[in-house]
Amino acid sequence: MKRFEVYKNIRKRAVIMGLPISLFALMMTSVISSLLFIIFSFSFAVIVSVFLWNGTLYTVLAHLTKNPALMQIKKVFPQTISNKKQTNLYYEGP
35 MKRFEVYKNI
45 RKRAVIMGLP
55 ISLFALMMTS
65 VISSLLFIIF
75 SFSFAVIVSV
85 FLWNGTLYTV
95 LAHLTKNPAL
105 MQIKKVFPQT
115 ISNKKQTNLY
125 YEGP
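Numbering (the numbering used here), first residue to last: 35 to 128.
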(Lines of atoms letter the chains of each structure in order from A and count residues from 1; the text may use other names and numbers.)
(Lines give C-alpha, C1' and ligand atoms only; values in the text may rest on other atoms or scores of the structure.)
Protein backbone atom coordinates (compact mmCIF):
# COMPACT_ATOMS: atom_id res chain seq x y z
CA MET A 1 0.00 0.00 0.00
CA LYS A 2 1.31 3.44 -0.92
CA ARG A 3 2.11 5.88 1.83
CA PHE A 4 1.78 9.60 1.21
CA GLU A 5 3.43 12.19 3.37
CA VAL A 6 1.54 15.29 4.42
CA TYR A 7 2.38 18.37 2.40
CA LYS A 8 2.00 21.30 4.80
CA ASN A 9 3.49 24.07 2.68
CA ILE A 10 0.88 24.03 -0.06
CA ARG A 11 0.21 27.76 0.26
CA LYS A 12 3.79 28.60 -0.74
CA ARG A 13 3.18 27.40 -4.29
CA ALA A 14 -0.53 28.26 -4.62
CA VAL A 15 -1.29 30.11 -7.85
CA ILE A 16 -4.37 32.08 -8.91
CA MET A 17 -4.56 33.19 -12.56
CA GLY A 18 -0.86 32.42 -12.96
CA LEU A 19 0.21 34.63 -10.04
CA PRO A 20 1.25 33.72 -6.49
CA ILE A 21 -1.20 34.75 -3.79
CA SER A 22 0.68 37.90 -2.77
CA LEU A 23 0.97 39.20 -6.34
CA PHE A 24 -2.66 38.25 -7.03
CA ALA A 25 -3.68 40.32 -3.99
CA LEU A 26 -1.70 43.27 -5.41
CA MET A 27 -3.47 42.82 -8.75
CA MET A 28 -6.92 42.71 -7.12
CA THR A 29 -6.11 45.83 -5.08
CA SER A 30 -5.24 47.59 -8.32
CA VAL A 31 -8.45 46.40 -10.00
CA ILE A 32 -10.67 47.53 -7.12
CA SER A 33 -8.99 50.92 -6.88
CA SER A 34 -9.32 51.28 -10.66
CA LEU A 35 -13.04 50.58 -10.43
CA LEU A 36 -13.42 53.23 -7.76
CA PHE A 37 -11.43 55.64 -9.93
CA ILE A 38 -13.74 54.95 -12.89
CA ILE A 39 -16.86 55.47 -10.77
CA PHE A 40 -15.78 58.84 -9.41
CA SER A 41 -14.25 60.27 -12.58
CA PHE A 42 -16.21 58.85 -15.48
CA SER A 43 -14.69 59.59 -18.88
CA PHE A 44 -13.60 57.50 -21.83
CA ALA A 45 -9.90 58.38 -21.43
CA VAL A 46 -9.97 57.26 -17.80
CA ILE A 47 -11.58 53.93 -18.73
CA VAL A 48 -9.00 53.25 -21.44
CA SER A 49 -6.07 54.24 -19.22
CA VAL A 50 -7.32 52.04 -16.37
CA PHE A 51 -7.60 49.02 -18.68
CA LEU A 52 -4.11 49.69 -20.01
CA TRP A 53 -2.73 50.08 -16.48
CA ASN A 54 -4.25 46.81 -15.26
CA GLY A 55 -3.16 44.93 -18.38
CA THR A 56 0.38 46.23 -18.08
CA LEU A 57 0.51 45.41 -14.36
CA TYR A 58 -0.70 41.86 -15.02
CA THR A 59 1.88 41.25 -17.74
CA VAL A 60 4.71 42.63 -15.58
CA LEU A 61 3.68 40.50 -12.60
CA ALA A 62 3.32 37.39 -14.77
CA HIS A 63 6.77 38.06 -16.27
CA LEU A 64 8.28 38.43 -12.79
CA THR A 65 6.62 35.18 -11.73
CA LYS A 66 8.12 33.28 -14.67
CA ASN A 67 11.58 34.83 -14.16
CA PRO A 68 12.15 35.13 -10.38
CA ALA A 69 15.82 36.02 -10.96
CA LEU A 70 14.71 39.52 -12.03
CA MET A 71 13.50 40.20 -8.51
CA GLN A 72 16.53 38.74 -6.72
CA ILE A 73 17.04 40.54 -3.43
CA LYS A 74 20.30 40.29 -1.53
CA LYS A 75 20.07 38.79 1.94
CA VAL A 76 20.50 41.34 4.70
CA PHE A 77 21.56 39.11 7.57
CA PRO A 78 24.42 36.57 7.49
CA GLN A 79 23.85 32.84 7.98
CA THR A 80 25.68 32.80 11.32
CA ILE A 81 26.46 35.48 13.87
CA SER A 82 29.67 35.16 15.85
CA ASN A 83 31.72 37.17 18.35
CA LYS A 84 34.96 35.85 16.89
CA LYS A 85 37.27 38.62 15.70
CA GLN A 86 37.64 38.78 11.93
CA THR A 87 41.32 39.64 11.73
CA ASN A 88 44.44 37.97 10.36
CA LEU A 89 46.71 39.35 13.13
CA TYR A 90 48.30 36.77 15.39
CA TYR A 91 48.27 38.12 18.94
CA GLU A 92 50.12 35.34 20.73
CA GLY A 93 53.91 35.37 20.52
CA PRO A 94 56.04 32.49 19.13
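Ideal Cβ placement from N, Cα and C applies to all residues, glycine included. Bear in mind that the values here come from a model prediction, so they are computed numbers and not experimental data.
- Item | Close-in-space but distant-in-sequence residues of the same chain around Ile72 (CB under 8 Å, 5 per side omitted) | By the criterion of a C-beta distance shorter than 8 Å, Ile72 is surrounded in its chain by Val80, Ile81 and Val84, once the five residues flanking it on both sides are discounted.
- Query: Can you name the start and end residues of the alpha helix (DSSP H) that Ser67 belongs to?
  - Reply: Unbroken alpha helix (DSSP H) run through Ser67: Ile55 to Phe74.
- Just the C-alpha distance for Pro54 and Leu91, rounded to the nearest angstrom, thanks. Distance between the alpha carbons of Pro54 and Leu91 is about 14 Å.
- Query: How long is the line joining the alpha carbons of Glu39 and Lys100, rounded to whole angstroms?
  - Reply: Glu39 and Lys100 have their C-alpha atoms some 28 Å from each other.
- Under the rule that 16 or more other beta-carbon atoms within 10 Å means buried, what is Leu70, buried or exposed? With fewer than 16 other CB atoms across the displayed protein chains lying within 10 angstroms of its CB, Leu70 is exposed.
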